[in-house]
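Contents: one structure, followed by commentary.
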Amino acid sequence: AAASGRPDLVEQTGTGAAGEVGAALAALGARRVGGGELVREVAGLDEALAAADLVVTGEGRLDDQSLRGKLVSVVAARAHARGVPCIALAGQVDLGVGEALEAGLEGAYSVAADAGSVEAALAELAARLADLAAGVAGRWGARPP
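Per the working numbering, the very first residue in the sequence shown carries number 659; after that it's consecutive.
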């Protein structure tokens, strides 16, 4: 950053990580975008939403940090803007109903909710996630394949 004549680059969000690689790229003219927005763009989320009846997204731990530009928040906001219901399956859910609704999520379901502990949920993660997804699909009217 100093070599570019722009020492302010390291003060910008995302430019100091990974040995200031972000600052170096910014000095070369790269544009900064949030990870969620980048994945949205590359994956063609907006085009997929045009044909969607329901969006299911996921997050390891769904909390207030998830709502600050992470992919789950971008997906929920885009789906909500198009009138497509969006739900999240997560390892843990640490959001209130109001926070989830405000973010565009019509439901947030936790794999660890009935496990007793996160460790217990992780020990049987695949089975618990499959059971959770089947239960949620039943609530939303989807039929398993």
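For every residue, glycine included, the Cβ atom is placed at its ideal position computed from N, Cα and C.
Task: Rounded C-alpha distance that separates Q750 from A781 - done: Walking along the sequence shown from the start, residue 750 turns up at place 92. Walking along the sequence shown from the start, residue 781 turns up at place 123. Looking at the two C-alpha atoms, the distance is approximately 14 Å.
Task: CA nearest to the CA of G762, picked from A735, A791, R690 - done: Here residue 762 corresponds to residue number 104 of the sequence shown, with the count starting at 1. For the set A735, A791, R690, the Cα lying nearest the Cα of G762 is the one of A735.
Open item on the list: Measuring straight from C-alpha to C-alpha, what distance separates A746 and T715?
Closed with: One-based indexing of the sequence shown puts residue 746 at position 88. One-based indexing of the sequence shown puts residue 715 at position 57. Spanning the two alpha carbons is a distance of roughly 5 Å.
Open item on the list: Taking 7 Å as the threshold (C-beta atoms), are A748 and S775 in contact?
Closed with: On the sequence shown, residue 775 is found 117 positions in, with the first residue counted as 1. On the sequence shown, residue 748 is found 90 positions in, with the first residue counted as 1. No, Cβ-Cβ distance for S775 and A748 is not below 7 Å.
Open item on the list: Since A766 and L787 should fall inside the 8 Å C-beta cutoff, what is the C-beta to C-beta distance between them, to a whole number of angstroms?
Closed with: Taking the sequence shown and counting its residues from 1, the one referred to as residue 766 is at position 108. Taking the sequence shown and counting its residues from 1, the one referred to as residue 787 is at position 129. About 14 Å; that fails the 8 Å criterion.
Open item on the list: Once the 5 residues before and after G796 are set aside, which same chain residues still bring their CB inside 8 Å of it?
Closed with: Against the sequence shown, residue 796 aligns to sequence position 138. Within its own chain, no residue has a Cβ closer than 8 Å to the Cβ of G796 once the five positions on either side in sequence are excluded.
Task: Own chain, CB closer than 6 Å to A675, minus 5 neighbours either side, in chain order - done: Numbered from its first residue, the sequence shown carries residue 675 at position 17. The pLDDT assigned to A675 is 49, lower than 50, so where the model puts this residue is not dependable; a value taken from the coordinates is nonetheless given after this. Taken in chain order, the list of residues that qualify is empty.
- [ ] Confirm, please, whether the CB-CB distance from L729 to G694 is below 7 Å.
- [x] Position 36 of the sequence shown holds residue 694. Position 71 of the sequence shown holds residue 729. At the C-beta level, G694 and L729 come within 7 Å of one another.
TODO: Give the DSSP bridge partners of A746, in chain order.
DONE: Walking along the sequence shown from the start, residue 746 turns up at place 88. DSSP output for A746 lists T715, A766 as bridge partner(s).
Task: Where the alpha helix (DSSP H) containing R736 begins and where it ends - done: Here residue 736 is taken as the residue at index 78 of the sequence shown, counted from 1. Per DSSP, R736 is one residue of the alpha helix (DSSP H) stretching across 729-739.
TODO: My understanding is that A773 touches A779, with C-beta atoms under 8 Å, so please give their C-beta distance in whole angstroms.
DONE: Position 115 of the sequence shown, counting from 1, holds the residue named residue 773. Position 121 of the sequence shown, counting from 1, holds the residue named residue 779. With a Cβ gap of about 4 Å, A773 and A779 count as contacting.
Open item on the list: Once the 5 residues before and after V733 are set aside, which same chain residues still bring their CB inside 8 Å of it?
Closed with: The residue given as residue 733 occupies position 75 in the sequence shown. Within the same chain, V733 has close Cβ partners G694, R698, L703, V713, T715, C744.
Task: Own chain, CB closer than 7 Å to G756, minus 5 neighbours either side, in chain order - done: Looking up residue 756 in the sequence shown gives position 98. Answer for G756: no residue qualifies.
- [ ] Give me the Cβ distance between L696 and R740, rounded to the nearest whole Å; I'm assuming they're in contact under 8 Å.
- [x] As a working mapping, residue 696 is identified with position 38 in the sequence shown. As a working mapping, residue 740 is identified with position 82 in the sequence shown. Going by Cβ atoms, the distance from L696 to R740 rounds to 20 Å, so no, they are not a contact pair.
Task: As assigned by DSSP and simplified to three states, the class of L686 - done: In the sequence shown, the residue the question calls residue 686 occupies position 28. Reduced to three states, the DSSP call for L686 is coil.
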